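Okay, so here's the structure we're looking at.
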Amino acid sequence: MIDQLFELFLRCFPEYQTTRELFTELLKPEEAHIIAEYAQGKLAGYAMVHGGSIPVLCVAEEHRRNGIGSRLLAAAEGYIRSLGEKRLTLGCGPYYLLQGVPVVGDNVNFFEKRGYTAAWISVNMELRLDGFERNSLTIPPAPKGLEYRFAETSDRTELLAAVEAAEEGWVDVFVSCKDPIFLAVMDGKIAGFEILSPNGGQFLRPGQQVGSVGCVGVVPAQRERGIGLAMVAQGVQWLKEQGCTLIELRYTWLDKWYGKLGFQTVAWQWMGEKKLS
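The C-terminal position of the sequence shown is numbered 714 in our numbering, with every residue numbered one higher than the one before it.
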């Protein structure tokens with residue numbers, strides 16, 4: 438069954454090509470509630486449900502505009518209501534690969550017609566490293582005395598306190614993080630942090646070693662000083678030294694900010710949600 442789910446996902450979302458391993462690891466289809474429709478014995482569409490979220494709803498191109506998507510969505514909403522959930526999110530939830538609804542074709546219009554709204558649109562960005570050099574960037578200089586290093590076990594308590602101060606919702610991510618955590622340190626205290634992964638790309642780019650930058654944060658008292666931008670630039674330089682040729686940055690709204698480092702937007706996700714009566 439997982440093979441069929443994965444194959445149809447790739448057909449429906451060609452802009453988000455990934456591996457079966459990541460599809461299974463991130464979406465946990467074996468733990469999801471799957472609602473499916475078939476045509477001539479083949480999978481025509483399905484909705485995947487985890488708690489109060491629908492991380493995937495897709496219908497094969499040849500079976501669209503026949504009501505399958507509407508029936509799948511209605512069935513998923515009914516199941517989520519039966520769990521006692523009061524709000525439904527599209528994409529982001531306990532398990533997800535796409536943070537929201539890909540802004541492609543009439544995807545967004547489909548959900549808007551059915552009562553969904555979105556407060557924001559997240560973007561995915563990429564940075565090609567063939568011409569990247571940290572010292573050649575025209576960005577404001579970092580404050581004097583700013584230092585960089587990777588987090589150690591002894592930093593755990595201070596790091597989690599810094600994460601909580603900067604973005605409380607990320608604490609669990611850092612508790613379980615196995616990737617290197619890069620720190621910006623000012624006057625001996627953690628001022629900023631980011632997760633760097635030399636093989637952290639989730640979407641396939643043939644011929645590239647795709648690294649990733651994630652959960653970039655600066656503690657409130659140190660913001661507006663250029664620390665975050667300088668830290669990301671330093672982290673990207675390190676990823677390049679590890680052999681990365683492309684950096685993947687997923688799910689942000691700071692496209693202009695990251696654009697100062699050369700990142701370019703490559704995809705958009707509509708963060709749809711709906712209150713359930």
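Ideal Cβ positions, reconstructed from N, Cα and C, are used throughout, including at glycine.
Since this is a predicted model, take the numbers as computed values, not measurements.
| Asked | Found |
| --- | --- |
| I want to know whether the region 492-503 touches the region 676-686 - three or more CB-CB distances under 8 Å. | no |
| Using CA atoms only, rank isn't needed, just tell me which of A555, G506 and C652 is closest to I472. | G506 |
| Can you tell me the Cα-Cα spacing of A469 and R524, whole angstroms? | 18 Å |
| Given a cut-off of 9 Å, decide if A599 and A667 are closer than it, judged by their beta-carbon atoms. | no |
| Drop a sphere of 10 angstroms on the beta-carbon of F587, count the other beta-carbons inside from all chains shown, and report buried for 16 or more, exposed for fewer. | exposed |
| Suppose the cutoff is 8 Å on Cβ atoms and the five residues either side in sequence are ignored; what does the same chain contact list for W675 look like? | F619 and L633 |
| Compute the Euclidean distance between the alpha carbons of L566 and S613, then round it to the nearest angstrom. | 29 Å |
| Check whether the Cβ atoms of W557 and M438 lie closer than 9 Å to each other. | no |
| Let me check understanding here. Comparing Cα to Cα, which of G542, A513 and Y532 lies closest to E452? | G542 |
| Which residue wins for smallest C-alpha separation from A484, given the options A512, C529 and M623? | A512 |
| From T390 to G568, what distance separates their C-alpha atoms? | Examination of residue 390 is not possible in this model, given that the chain is present from 438 through 714 alone. |
| First and last residue of the beta strand (DSSP E) that includes Y475? | H470 to A476 |
| For F700, which residues from the same chain have a beta carbon less than 8 Å from its beta carbon, with the 5 sequence-adjacent residues on both sides left out? | M562, E563, L564, I684, L686 and D692 |
| Exposed or buried, what is W607 when buried is set at 16 or more other beta-carbons lying within 10 Å of its beta-carbon? | buried |
| According to DSSP, simplified to helix, strand and coil, what is G709? | strand |
| What distance in whole Å lies between the Cβ atoms of L698 and L574, which are believed to be in contact at a cut-off of 8 Å? | 7 Å |
| Threshold first: 3 residues or longer. Then list the beta strand (DSSP E) segments lying entirely within the region 584-650, N to C. | 584-587, 618-623 and 626-634 |
| Can you list, in chain order, the residues of its chain with a C-beta nearer than 6 Å to that of L595? Leave out the 5 residues immediately preceding and following it. | First, the residue type needs correcting, since residue 595 is Glu and not Leu in the sequence shown. I627. |
| Taking the straight line between their C-alpha atoms, what separation do you get for V517 and C529? | Note that residue 517 is Ile in the sequence shown here, rather than Val. Near 15 Å, if we compare the C-alpha coordinates of C529 and I517. |
| Would you kindly check if the distance between the Cβ of L527 and the Cβ of E710 is under 9 Å? | yes |
| Rounding to the nearest angstrom, what Cα-Cα distance links A603 and G654 in this structure? | 6 Å |
| Where does T715 sit, in a helix, a strand or coil, going by DSSP? | Outside the modelled stretch of the chain, which goes from 438 to 714, sits residue 715, for which no answer is possible. |
| Taking the CB atoms as reference points, tell me whether V493 and W705 lie closer together than 9 Å. | no |
| Just verifying my parser: in three-state terms, what is the DSSP assignment at I505? | helix |
| If you drop the 5 nearest sequence neighbours on each side, which residues of the same chain put their C-beta closer than 8 Å to that of N544? | V538 and W707 |
| When you compare the CB positions of N636 and V650, do they come within less than 9 Å of one another, or not? | no |
| What did DSSP end up calling R448 once you bin it into helix, strand or coil? | helix |
| Where does A556 fall in DSSP's three states? | strand |
| Cα separation between F395 and E549? | The question about residue 395 has no answer here: the residues shown for the chain are numbered 438 through 714. |
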